[in-house]
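Shown next, in structure tokens, is the structure this report addresses.
Protein chains in written order, with the numbering used here: chain Y, 1 to 419; chain S, 420 to 838.
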């Protein structure tokens, strides 16, 4: 059976929402390659609640990581609560005290009395040095509180500030955990793969793949965002190989990456690999395609320029859209999208040109072209032009996100020869 | 006694560290002005663990908010676990089903069988409409499972994606919670005011105002984002009035809004109020100014067009920058920024023109113009042109955010006559 890990975060600031809990993602990602998963995470306020949270883990967890509550203020009671739970005495550790005194002296600060409380520890605890703060961490190995009950979890008390915790984890906690894992299991740790799939919903991916994948005995997870879903697979090498075959067979053409690159990064990488360039003419997306593409470092080698042709005058002046076309078909039409992309290609000399025109809302819809209607055109130097109509009836920001997602995916499919 | 609120987040992706838990800060900040505090937060994986997490709250919490596990996949069992805990039967709700079917039909998607599971609910549940996804939320009022025990908490089952949860919370959950608070307490609820301050850091605001404000007996909170800080104040009417005087005296010219409008919304509102228009020429910000401005509903009345002139050729061709200027001063220079804004104003006929040119990094820096250097130009029909140089040595996305923030604030100050 796998070692069960739980995480307890103390800190009223976390429960007030003013500080984001970055310990959970940091520790989860650090534990992962060791084959360890966090099975439960709890946040409790500073003070007495930590005692209950600790006691609850008894019999349920093999390893418990605690963050925060090691400082000098009156509500920092993690050290004391752990000792009380395990019926251990706190004693002054002269070496820790000397370290704290040195730290204050070297900064020319006066040491208040409460600061010295951080030098107390149970004799049974192993001290985890803190290179970036006063309070050291403590490791309390599993112990038996009474002959019948289960052992208590291996307990790691860690400081709250991430810039103290993270180096301490890497230097002191990780080696201890690795030793525990080695002692406990002969199985090789599992590997992770994440497939980013664009243009399919979470339910579609699960319906077409879920059961087959679970049949391999792997762990599965989904994470859906607007216009894409991440399929996460955990297993050994053989299982991952078999899973990959299934995933590619069903969704190959929709898989943007299996290395956590996002769509815009993949598009820029593929353009650069081919020495090709892109330009954009955006009406309803208002510059978001250009914004996403230029978020990628090195985009300037693949992205020439963009036009945010919000006003009709700009469509006509800059991209050669014909006023009659707007008059007879409307600015939101396949014809205008095609003229935008065509004019763009001609004007900029780029290899590919993307154009969008649509109705982001909340106003502006008609029965034939309701809010959410969009035309996306893709023209390329060496491939036929295409225009696609879509409907994304949602709020304005999500509409823009869905349209940019669809447009970038059209280009990716063209670049990969998947059209 | 205050109502005790607990939060349960389900989702293996949270425990794997691949997704940050944004529900906790969002909900904590939303609950705060109602006088509600979260006393415990727990994250459990998808699947059976949700059942234990729910049951544990019995007798310890008055209100429990649950996020996630309402979707169509096999590990989405929050709905079913809650019904099992409360001994309630799940029945098909034809109205929810119709809503889901409409949603799929209007997108032209095929509905898989599992999707319909989202239309089941306990008869006792109140349905919380989901404007941005298929699965509705559910509210289960407190009930007694047996005559002796305590009542179960008021239970709110909410969807996992933040863009579904947040609007649902604001539209449906908040009013229900306010009613619960009103029923439970006779104290008048405190009022909240949020000052959005641009161009000052959190520590500066705290240093210049913190003590004075706390002296009024109010509650204070800060929320810092890239390039802005929200100062949150809670108190009664008299206290808020006194606080407002202090805040305006110290930071008046930097306060963008006190009604939660963001900078781009304020800029669009002020432009529209004056019947004026804006156009943009962006090099290093890659379209992000246009993107932010066009996120505002009704932006088309104030925003004419934008140019993302990434390549030098585009700067010369579209905006009349002189090749010699680029040659002698470099594309990242005050001279080029000024020519971009000037050319833009002339070409588009807009009342205001913003131009940016800079080095977003990670490459491209020089000793005189290191990574993070930017020139921002603002030209207006009836006001003198200005060019400002700034240095934002940070990562690429944050650089873009800081530059767009500074540029929009330059325009806001001009519109408000604060220059």
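Heads up, the beta-carbon is just placed ideally off N, CA and C, and yes, glycines get one too. Predicted, not measured: the structure shown is a model, and the values here were computed from it.
For residue i, does the count of other Cβ atoms within 10 angstroms reach 16, so buried, or fall short, so exposed?
i	result
residue 529(S)	exposed
residue 785(S)	exposed
residue 610(S)	exposed
residue 380(Y)	buried
residue 345(Y)	buried
residue 357(Y)	buried
residue 114(Y)	exposed
Check each candidate in the options and name the one with the smallest Cα separation from residue i.
i	options	result
residue 834(S)	728(S), 791(S) and 772(S)	772(S)
residue 3(Y)	178(Y), 294(Y) and 412(Y)	178(Y)
residue 269(Y)	251(Y), 297(Y) and 250(Y)	297(Y)
residue 413(Y)	267(Y), 242(Y) and 329(Y)	267(Y)
residue 384(Y)	73(Y), 299(Y), 399(Y) and 410(Y)	410(Y)
residue 420(Y)	209(Y), 403(Y) and 86(Y)	Given that chain Y is displayed from residue 1 to residue 419, the structure contains no residue 420(Y) and the question cannot be resolved.
residue 540(S)	548(S), 508(S), 517(S) and 712(S)	508(S)
residue 456(S)	651(S), 471(S) and 482(S)	482(S)
residue 454(S)	621(S), 568(S), 475(S) and 638(S)	638(S)
residue 427(Y)	396(Y), 57(Y), 84(Y) and 98(Y)	One cannot answer for residue 427(Y) here, as it falls past the ends of chain Y, which runs 1 to 419.
Looking at residue j and residue i, is the spacing between their C-beta atoms short of 8 Å?
i	j	result
residue 703(S)	residue 774(S)	no
residue 306(Y)	residue 350(Y)	no
residue 337(Y)	residue 705(S)	no
residue 40(Y)	residue 463(S)	yes
residue 615(S)	residue 667(S)	no
residue 319(Y)	residue 281(Y)	yes
residue 447(S)	residue 17(Y)	yes
residue 127(Y)	residue 100(Y)	no
residue 766(S)	residue 750(S)	no
residue 143(Y)	residue 158(Y)	no
residue 429(S)	residue 487(S)	yes
residue 66(Y)	residue 8(Y)	yes
residue 264(Y)	residue 292(Y)	yes
residue 512(S)	residue 494(S)	no
residue 31(Y)	residue 135(Y)	no
residue 558(S)	residue 595(S)	yes
residue 54(Y)	residue 253(Y)	no
residue 231(Y)	residue 205(Y)	yes
residue 585(S)	residue 445(S)	yes
residue 500(S)	residue 523(S)	no
residue 277(Y)	residue 243(Y)	no
residue 491(S)	residue 203(Y)	yes
residue 681(S)	residue 24(Y)	no
Whole angstroms is fine: what's the gap from residue i's alpha carbon to residue j's?
i	j	result
residue 676(S)	residue 288(Y)	25 Å
residue 809(S)	residue 796(S)	11 Å
residue 213(Y)	residue 626(S)	56 Å
residue 521(S)	residue 373(Y)	17 Å
residue 653(S)	residue 635(S)	11 Å
residue 363(Y)	residue 375(Y)	17 Å
residue 311(Y)	residue 727(S)	16 Å
residue 714(S)	residue 401(Y)	11 Å
residue 758(S)	residue 690(S)	23 Å
residue 183(Y)	residue 154(Y)	13 Å
residue 163(Y)	residue 334(Y)	54 Å
residue 612(S)	residue 670(S)	15 Å
residue 228(Y)	residue 147(Y)	53 Å
residue 575(S)	residue 15(Y)	18 Å
residue 630(S)	residue 817(S)	31 Å
residue 640(S)	residue 741(S)	50 Å
Interface residues of chain S around residue i at Cβ under 7 Å?
i	result
residue 394(Y)	551
residue 38(Y)	434
residue 316(Y)	Result: empty, since nearest Cβ-Cβ is about 11 Å, beyond 7 Å.
residue 309(Y)	724
Using a beta-carbon distance below 8 Å, is residue i in contact with chain A?
i	result
residue 391(Y)	Within the model displayed, chain A is absent; protein chains Y and S are what it includes.
Under 8 Å Cβ-Cβ, which residues of chain S neighbour residue i?
i	result
residue 67(Y)	Correct list: empty, because the minimum Cβ distance to chain S is about 14 Å.
residue 210(Y)	492 and 493
Which chain S residues are close to residue i, counting only those with a beta carbon under 9 Å from its beta carbon?
i	result
residue 24(Y)	433, 434, 436, 439, 440 and 462
residue 51(Y)	Under the 9 Å cutoff, chain S gives no residues; its nearest Cβ is about 13 Å from residue 51(Y).
residue 288(Y)	706, 707, 709, 710, 713 and 714
So residue i contacts chain Y; which residues on that side make the cut at Cβ distance below 8 Å?
i	result
residue 816(S)	295
Name, please, each residue of chain Y whose Cβ falls closer than 7 Å to the Cβ of residue i.
i	result
residue 580(S)	224
residue 600(S)	Neighbours of residue 600(S) on chain Y: none; closest Cβ ~17 Å, over 7 Å.
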